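A short write-up of the structure that comes next.
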Amino acid sequence: MSLLMQYGIIVSVWILSLLLILIIPRQKRRLAMVAFLFKQYITCIFGHAVVELKLLAYPVRELADVSRTSFTYEYMAYPMTCAVFNAYYPSHRSGWIQFGYYVLFTTVLTIVEVLLVQYTDLIRYVRWNWFWSWATIFLTFLITRVFCVVYFGTMTRVEAAKQKNAASTTRS
């Protein structure tokens, strides 16, 4: 595949990732932003570790002089997908539906990655395979979801305490 076409894929991923912002419901934007930023933090650590351990390589990448990871995947596409994942998470559904939601997102991302490995130079498995991608994607989605639940659960309790405190101060 030509280098121009591969950079075209990178630009397309940026455009698609930015367009995903439009499908996040207004009332879920704070949740999506927290998920996006936390996922960036996680992928910064995992992505650099995997590349430095020479498990994966990104032969064609942007900002090649700065980092050996894929800036587009690690800092935009993957975190934005996680933002959408959290915005539409079926929290009031059964555990099986929730598990299936994880499996669906993880599998789609893994299939896209495997196709990129086979048909482009955007990513190359060195000592890695699709299963490790699937497992790490699943794990990072889970970690991010737990973080969001704890973060917003804590925020809800803080807000409730503030309202209770304000109500008791007003009565005094």
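Counting from 1, position 76 in the sequence shown corresponds to residue 76 in UniProt numbering; the numbering is continuous, with no gaps.
We put the beta carbon where it would ideally sit given N, CA and C, even for glycine.
The structure presented is a predicted model; accordingly, all values stated were derived computationally and were not measured.
Pick from the options that is closest to residue i, judged by C-alpha positions
i, options, result
"Thr-69", "Cys-82, Phe-131, Leu-55 and Ile-97", "Leu-55"
"Leu-4", "Val-146, Trp-96, Glu-62 and Val-126", "Glu-62"
"Ala-77", "Ile-45, Ile-97, Ala-57 and Val-112", "Val-112"
"Phe-147", "Tyr-41, Val-114 and Ala-135", "Tyr-41"
"Ala-49", "Met-1, Glu-74, Arg-93 and Leu-19", "Glu-74"
"Leu-109", "Ser-168, Gly-8 and Ser-133", "Ser-133"
"Val-103", "Phe-141, Val-126, Trp-128 and Lys-164", "Phe-141"
"Gln-6", "Val-149, Lys-164, Val-117 and Leu-139", "Val-117"
Extent of the continuous alpha helix (DSSP H) to which residue i belongs
i, result
"Met-5", "3-19"
"His-48", "29-52"
"Tyr-101", "95-119"
"Val-84", "78-87"
Short Cβ contact (9 Å threshold) for residue i with residue j
i, j, result
"Thr-72", "Trp-130", "no"
"Phe-38", "Thr-136", "no"
"Phe-105", "Thr-81", "yes"
"Asn-86", "Arg-26", "no"
"Phe-152", "Val-11", "no"
"Tyr-119", "Met-1", "yes"
"Ala-83", "Phe-36", "yes"
"residue 174", "Val-149", "Here the chain has residues from 1 to 172 only, and residue 174 is not among them."
Sequence-distant residues of its chain with Cβ nearer than 7 Å to residue i (five each side left out)
i, result
"Pro-59", "Asp-121 and Arg-124"
"Ile-143", "Ile-42"
"Ser-94", "none"
"Val-114", "Trp-130"
"Ile-24", "Ala-32, Ala-83, Val-84 and Ala-87"
Close Cβ partners of residue i (< 6 Å) along its chain, the five nearest in sequence each way excluded
i, result
"Val-51", "Arg-68 and Thr-69"
"Ser-17", "Met-76, Ala-77 and Met-80"
Sequence-distant residues of its chain with Cβ nearer than 8 Å to residue i (five each side left out)
i, result
"Thr-107", "Trp-134"
"Ile-97", "Pro-90"
"Trp-128", "Val-50, Leu-55 and Leu-56"
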